[in-house]
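Shown next, in structure tokens, is the structure this report addresses.
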Amino acid sequence: MFTFHDPRLICGFQASETGDVRRLDWETVDAALASPGSFVWIHLDVTDLRVQKWLEEQPDLPVPARDALLDDDELVRLREAGDDGLAGVLSDLHHDFEDDPSAVGALRIFFDERRVVTARRHPLQATDRLRREMDRPTGKVRSLNLVADLLQHLADAFLGLVKEATHDLDAVEAAILDDAARGAADLGRVRRLLARLRRHLGPQRLVLGRLAARPPKWAPEDDVAALRDAVARIDSVGHDLDLAQERARQLQDERAAILAEITNRNLYVLSIVTAVFLPMTLVTGVFGMNVGGVPGVESPHGFLWTMVLMAGTGLATYVFLKVTRIV
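Following the numbering used here, the numbering of the sequence shown begins with 4 at its first residue and continues without gaps.
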């Protein structure tokens with residue numbers, strides 16, 4: 004497999020009308036883009052100043068496309084660029100070799116009938132999977148079906164994380180049922196992860212839904228169908244994410260209810276003990292006063308009778324609580 008040594012071009016492919024696909028290097032990108040009758044996908048690292056300069060100097064790149072590819076804004080969006088192109092930002096997961104593979108990054112994209120340009124600032128999962136897939140093409144490569152394949156890989160990336168979160172919720176549920184005091188840290192981590200995914204996947208579902216409802220006019224019906232299948236799959240992942248988030252909330256509520264029940268039970272026991280010992284405490288307080296005339300001071304059996312009185316008051320209090328059905 005050919006290895007690119009130029010950091011400006013992460014990967015590039017040119018597909019002919021006959022379906023042949025060949026790799027591109029940086030020196031052949033301009034010629035491939037200018038070649039009529041072929042399709043080109045290039046994936047760029049826009050942290051490289053040379054890439055930024057190259058994008059700014061492209062005469063046939065619409066201004067909205069240039070802005071989308073070079074902007075620092077990570078807001079998910081997709082809008083028209085030029086006569087028949089679309090440009091914007093999608094959310095993708097950082098690659099596995101990042102410190103946090105669940106971190107969400109921005110995938111910048113522009114595509115029209117004969118080219119797809121993607122760019123990123125951090126290594127991302129979906130584009131890397133698509134790059135490996137392009138080394139083994141299974142059919143004719145066109146613009147919209149490549150975008151559909153990219154969306155399928157986006158769905159796979161998010162779905163893997165949602166499944167992992169669901170598995171963690173199973174473990175948290177078992178821990179909570181065994182001991183409500185356990186699982187708090189794991190549940191909080193999963194809830195934060197799901198909330199972060201939803202912040203990115205929610206807007207993406209809306210943007211891609213609009214694209215599926217109004218696909219480009221130049222796209223063949225087969226590619227439009229593939230696009231709609233990919234968007235439906237992302238929407239399905241979004242539903243799974245919503246269900247996982249709802250389950251996490253229910254586990255949080257259940258844990259809070261169990262802890263509240265335990266607290267109430269402990270307070271109840273403490274209240275009963277306090278009520279039983281309150282009269283006994285009164286007796287000890289009275290007989291513990293350091294004043295003259297305290298009964299039993301001169302009697303050799305004074306301590307014994309005091310203890311009997313304390314036990315009697317405690318027993319009487321307990322019987323009273325039983326009769327009144329407080330206990």
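For every residue, glycine included, the Cβ atom is placed at its ideal position computed from N, Cα and C.
Rounded straight-line distance, which links the Cα of residue j to that of residue i
i	j	result
Gly142	Glu83	28 Å
Ala198	Gln128	20 Å
Leu318	Val286	13 Å
Phe114	Ala260	52 Å
Glu101	Leu110	With a pLDDT of 48 at Glu101, under the threshold of 50, the modelled position of that residue is not reliable, and no figure is offered here.
Asp173	Arg25	46 Å
Glu136	Arg185	43 Å
Ala178	Asp189	10 Å
Leu262	Asp238	36 Å
Asp86	Leu153	23 Å
Val326	Ser302	36 Å
Arg217	Arg250	34 Å
Asp181	Ile265	13 Å
Asp225	Thr130	22 Å
Asn148	Val227	8 Å
For residue i, the three-state DSSP class (helix, strand or coil)
i	result
Ile329	coil
Thr50	coil
Val32	helix
Arg132	helix
Phe100	Model confidence at Phe100 stands at a pLDDT of 44, short of 50, so the residue's coordinates are unreliable; what they give is reported in the following sentence. Looking at Phe100 - three-state DSSP - the assignment turns out to be coil, as it is neither helix nor strand.
Thr21	coil
Arg217	coil
Asp95	strand
Arg90	According to the sequence displayed, residue 90 carries Ala and not Arg. Three-state result, Ala90: strand.
Ala268	The residue asked about is misnamed: residue 268 is Arg in this sequence, not Ala. Three-state result, Arg268: helix.
Ala222	coil
Val165	helix
Val107	strand
Ala183	coil
Spatial neighbours of residue i in its chain, beta-carbon cut-off 7 Å, leaving aside the 5 residues before and after
i	result
Arg80	Gly91, Val92 and Val210
Thr316	Pro282, Met283 and Val286
Gly88	Pro65, Ala68, Phe113, Phe114 and Asp115
Below-8 Å beta-carbon distance, residue i vs any chain B residue
i	result
Ile179	Judged by its chain identifiers, the structure shown contains no chain B, having just a single protein chain.
Counterpart residues of residue i in DSSP-defined beta bridges
i	result
Phe42	Ala18
Leu3	One cannot answer for residue 3 here, as it falls past the ends of the chain, which runs 4 to 330.
Val119	Trp44 and Phe114
Val227	DSSP, once it has assigned bridges, lists no residue as partnering Val227.
Arg26	Phe16
Same chain only: Cβ atoms within 8 Å of residue i, ignoring 5 sequence neighbours per side
i	result
Gly212	Val234 and Asp238
Cutoff 6 Å; reference residue i; Cβ partners in own chain excluding five residues on either side
i	result
Ala35	Gln17, Leu27 and Val43
Q. Just checking, does the segment 183 to 197 make contact with the segment 231 to 241 on the three C-beta pairs under 8 Å criterion?
A. Not touching, per the Cβ criterion.
Q) So, do the segment 248 to 268 and the segment 290 to 299 have three or more beta carbon pairs nearer to each other than 8 Å? A) no
Q) Hey, is the segment 156 to 175 in contact with the segment 64 to 72, meaning 3+ C-beta pairs nearer than 8 Å? A) no
(Q) With three or more beta-carbon pairs closer than 8 Å as the criterion, would you say the segment 244 to 251 touches the segment 265 to 277? (A) The segment 244 to 251 makes no contact with the segment 265 to 277, as fewer than three CB pairs between them are under 8 Å.
Q: Inspect the CB distances between the segment 39 to 55 and the segment 115 to 125 and report whether three or more fall short of 8 Å.
A: yes
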